[in-house]
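Report on one structure; see the data block that follows.
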Amino acid sequence: MTYLLVVSNLFCNHKCTYCIQQESSLDVRMNPDKVDVDILLKFLGRNRIAHSVKLMGGESTMHPDFEKMMDGLLDIYPKVVLTTNLNGKWYRKFPETLEKMKRWKRKVKWNTTFHPAWMEADVYIERVRTMKEAGLWLDQVAATDTPQLTPEIADKLHNADIGWKLQIFTGRNEAGELMPRTWDDVRTQYPLLYYPSKYIDHYEDYQQECEDANYSDSMYRAEWVSCTTSYFLIGPDNLIYPCHRHLYAQDRRYASGSLEDVEMSNFKFKWSKLFGRWTMPCDTKCNPCDFRSVKLKPMGKPAHPPARLPAFSQPGPPRVQGRNHSPNT
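For the sequence shown, my numbering gives the first residue as 2, with consecutive numbering after it.
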């Protein structure tokens, strides 16, 4: 199934140490890129790509044209899945924000995430309850399993009867171990957002195929692979990427095309409209979140030193970037 995602911006009101975008987005809090809403809506109005669209950041509600973007996407799609931390400026006057939410009715599926270092659990619980009572569609009420989620906070969320689930942590822990390794790494006393069997049962493959985005020194593969993926990811730089790793790193070697190319005629990689997927060469490891979600085929070609795929280029002034970033969700 085609996975259409708009990452409207990488800046966020939080700076979580476990964020999958922590380093690979050129410092998410300082990255100024934000998708051009008019160009985005024009492109998707011509190329729907999928039956629904997902929207996230960073924190998408911080995009200066967030409400315009939501209204426009809902004119094109019957459903928008919005991932948000329920925190920040847009939520500050929550009763007024709730009225805006209700205007979109159940066409918006809210995927909410709680981050204990940046928000009080009681505030999160109250906002979730209020949204549920208003008849909004809350599909995800979750928090990532990290040291910041103490047993006391986890118990409070679990006992609040708001449908909270624990999201397993994927990536390297403080000891440098790629997680999860075994079921001992999972707090099974809480309901899980998804089961980690694919990581634990195939840990050797997991170690070989994936790397935490913050470990750039081991991000490259030993050999090239042919990657087939159904991900159609639109980045805040108005470019289109085939996977989370390349988008968060804004690795323009793997940008497939630009939103300004409405006809998709100059795309670097061909999108199959019939099958809803791309196939392309790749020399980097996957983000843990993409493990077993893409099809990889060895090409028998060494990938060292890292190959110099030409970066996708488009007309116009150069993007404003943060510090220089070597290849690194």
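Using N, Cα and C, we set each Cβ at its ideal position, and we do this for glycine too.
Beta carbon of residue i nearer than 8 Å to that of residue j
{"i": "LEU167", "j": "PRO148", "result": "no"}
{"i": "PRO117", "j": "ALA143", "result": "no"}
{"i": "ASP252", "j": "ASP34", "result": "no"}
{"i": "TRP225", "j": "LYS296", "result": "no"}
{"i": "ILE235", "j": "VAL8", "result": "yes"}
{"i": "MET57", "j": "ASN14", "result": "no"}
{"i": "ASP284", "j": "ALA304", "result": "yes"}
{"i": "LEU11", "j": "GLY59", "result": "yes"}
{"i": "ALA135", "j": "LEU87", "result": "no"}
{"i": "LEU41", "j": "LEU248", "result": "no"}
{"i": "MET70", "j": "MET102", "result": "no"}
{"i": "VAL82", "j": "LYS43", "result": "no"}
{"i": "THR230", "j": "CYS244", "result": "yes"}
{"i": "PRO181", "j": "TYR195", "result": "no"}
{"i": "TRP91", "j": "PHE67", "result": "yes"}
{"i": "VAL54", "j": "TYR78", "result": "yes"}
{"i": "SER217", "j": "LYS298", "result": "no"}
{"i": "ARG188", "j": "ASP146", "result": "yes"}
{"i": "THR113", "j": "GLN141", "result": "yes"}
{"i": "PHE270", "j": "LEU5", "result": "no"}
Bridge partner(s) assigned by DSSP for residue i
{"i": "ARG173", "result": "LEU179"}
{"i": "CYS331", "result": "A query on residue 331 cannot be resolved here, the shown segment of the chain reaching from 2 to 330 and no further."}
{"i": "ARG278", "result": "SER273"}
{"i": "TRP111", "result": "LEU83 and LEU139"}
{"i": "TRP57", "result": "It should be noted that the sequence gives Met, not Trp, for residue 57. Per DSSP, VAL8."}
{"i": "PRO303", "result": "GLU224"}
{"i": "ILE201", "result": "In DSSP, ILE201 forms no bridge with anything."}
{"i": "PHE233", "result": "LEU5"}
{"i": "ILE241", "result": "ILE235 and GLY258"}
{"i": "CYS211", "result": "CYS287"}
{"i": "LYS43", "result": "Its beta-bridge partners do not exist; DSSP assigns none."}
{"i": "TYR298", "result": "The sequence given here has Lys at residue 298, not Tyr. Beta-bridge pairing links LYS298 to SER227."}
{"i": "LYS94", "result": "Partner(s): none; LYS94 has no beta bridge."}
{"i": "LYS35", "result": "ASN10"}
{"i": "GLN168", "result": "THR145"}
{"i": "LEU193", "result": "LEU167"}
Reference residue i, options the options, closest by Cα
{"i": "PHE139", "options": "THR84, ALA304, THR171 and GLY177", "result": "The identity of residue 139 in the sequence shown is Leu, whereas the question assumes Phe. Of THR84, ALA304, THR171 and GLY177, the residue nearest in Cα terms is THR84."}
{"i": "SER219", "options": "SER227, CYS228 and GLN209", "result": "GLN209"}
{"i": "ILE154", "options": "TRP184, PHE268, MET120 and ASN86", "result": "MET120"}
{"i": "ASP213", "options": "GLU175, ASN10 and VAL187", "result": "GLU175"}
{"i": "PRO197", "options": "SER217, TYR216 and GLY172", "result": "GLY172"}
{"i": "GLN190", "options": "GLY177, TYR78, HIS203 and HIS159", "result": "HIS159"}
{"i": "LEU221", "options": "GLY258, GLU205 and PRO282", "result": "A small correction: the amino acid at residue 221 is Tyr; Leu does not occupy that position in the sequence shown. Of the listed residues, the one whose Cα sits closest to TYR221 is PRO282."}
{"i": "ASP186", "options": "LYS94, LYS101, ILE169 and THR18", "result": "ILE169"}
{"i": "ASP206", "options": "LEU179, LYS108, TYR232 and TYR216", "result": "LEU179"}
{"i": "PRO96", "options": "LYS106, ARG128 and PRO79", "result": "ARG128"}
{"i": "ALA161", "options": "ILE126, GLN141 and ARG188", "result": "ILE126"}
{"i": "ASP163", "options": "GLY177, ARG130 and LEU137", "result": "According to the sequence provided, residue 163 is Ile. The question's Asp does not apply to it. ILE163 has its Cα closest to that of ARG130, out of GLY177, ARG130 and LEU137."}
{"i": "VAL263", "options": "ARG254, CYS17 and ASP39", "result": "ASP39"}
{"i": "HIS203", "options": "VAL124, ASN32 and ARG293", "result": "ARG293"}
Cutoff 8 Å: residue i Cβ touching any chain E Cβ
{"i": "ASP37", "result": "No chain E appears in this structure, which consists of one protein chain only."}
Quick check: the segment 273-286 against the segment 69-83, are there 3 or more CB pairs under 8 Å? Below 8 Å, too few C-beta pairs join the segment 273-286 and the segment 69-83 to call them touching: fewer than three.
Count Cβ pairs between the segment 286-299 and the segment 42-52 that sit closer than 8 Å; are there 3 or more? no
So within the segment 115-166, which uninterrupted beta strand (DSSP E) runs reach at least 3 residues, ignoring any that extend past its ends? 138-145
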